Amino acid sequence: MSAGAQAHGLWVAQRAGQWAAVYGEGAEDEAYSPAAIEQVDARTALGGVARWHGEVSAWQWRFMPDEPVARLALRLDAGTWREMRDGRWLAEGEAGAAAEVRQTWRLLRYASAVLNPLPAAPAPLGLPLELVPAKNPLALRKGDSLPLRLLLRGQPQAQAKVIGDFLNDDRAEPLRTDAAGWVVVKLGSNGLNVIQASYAEACPTASCTTDRIAHSTTLSFAVPRRPD
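In our numbering, the protein residues as written are 18 to 245.
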């Protein structure tokens, strides 16, 4: 990762018939350490904890359900970075003059996914930054509207940036959440949809080792193609 590190996101997608944690930006996947996946929460359609195990394949972490899973939540720590005055982003350990550092960042990435149909609108899964859909997204199709609420540590977050089609149009002008954290996204894809939200803040605790924290979260799900 380099200058675009702050724009990278984490999402869930199928790879060779398996659910994978994908890291990157838009259509570009990037290698990452599977050990950076710090938290996994799998739920059944009724909200119970589901059994699963993880595997590593082609430098990606793969989610292997041991029973039917409707929802999945992941957390990845992308590490600490220095934003340089010349626009470069340097990872911890990369050489760079301390006097040229504009500010330091910790990049935290979260992903939630709806893998199978739900009987009702889903409840929050408890990610630090989370997009919560107001209805079952698997019942929608390309072009339909999906209301979502963005929660930061469980509370509605206003004026956060939201990209409605992170895979195919990640450079689009972002939407903004309203005062109650709501945003309405028009689904842009047949098949996999990935909606991304981001929020940056000053480090909120005295134990922080960086100036700021950049949160990114996604909601992913696949919808059937509309009949011709």
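All C-beta atoms, glycine included, are put in the ideal place defined by N, C-alpha and C. Predicted model, so just to flag it, every value in this text is computed and none were measured.
- Pairing V131 with R88 gives a Cβ-Cβ distance under 9 Å.
- Counting along the chain, N210 sits inside the beta strand (DSSP E) bounded by residues 208-219.
- Using a Cβ distance threshold of 9 Å, I230 and C220 count as a contacting pair.
- Annotated three-state conformation of A196 is coil, per DSSP.
- Counted as a single uninterrupted DSSP element, the beta strand (DSSP E) harbouring V29 occupies residues 26-32.
- Counted as a single uninterrupted DSSP element, the beta strand (DSSP E) harbouring Y127 occupies residues 118-131.
- Taking the Cβ atoms as the reference, A128 lies roughly 11 Å from W36, outside the contact range of under 8 Å.
- Just so you know, the alpha carbons of P136 and Q172 end up roughly 24 Å apart.
- For P82, the CB contacts under 7 Å within the same chain, skipping 5 residues up- and downstream, are A59, A67, W69 in chain order.
- Rounded to whole angstroms, the separation of the alpha carbons of P51 and A175 is 32 Å.
- Excluding the 5 residues flanking it on each side, A30 has same chain C-beta neighbours closer than 7 Å at A37, V39, L209, S237, in chain order.
- Rounded to whole angstroms, D161 and P150 show a C-alpha spacing of 13 Å.
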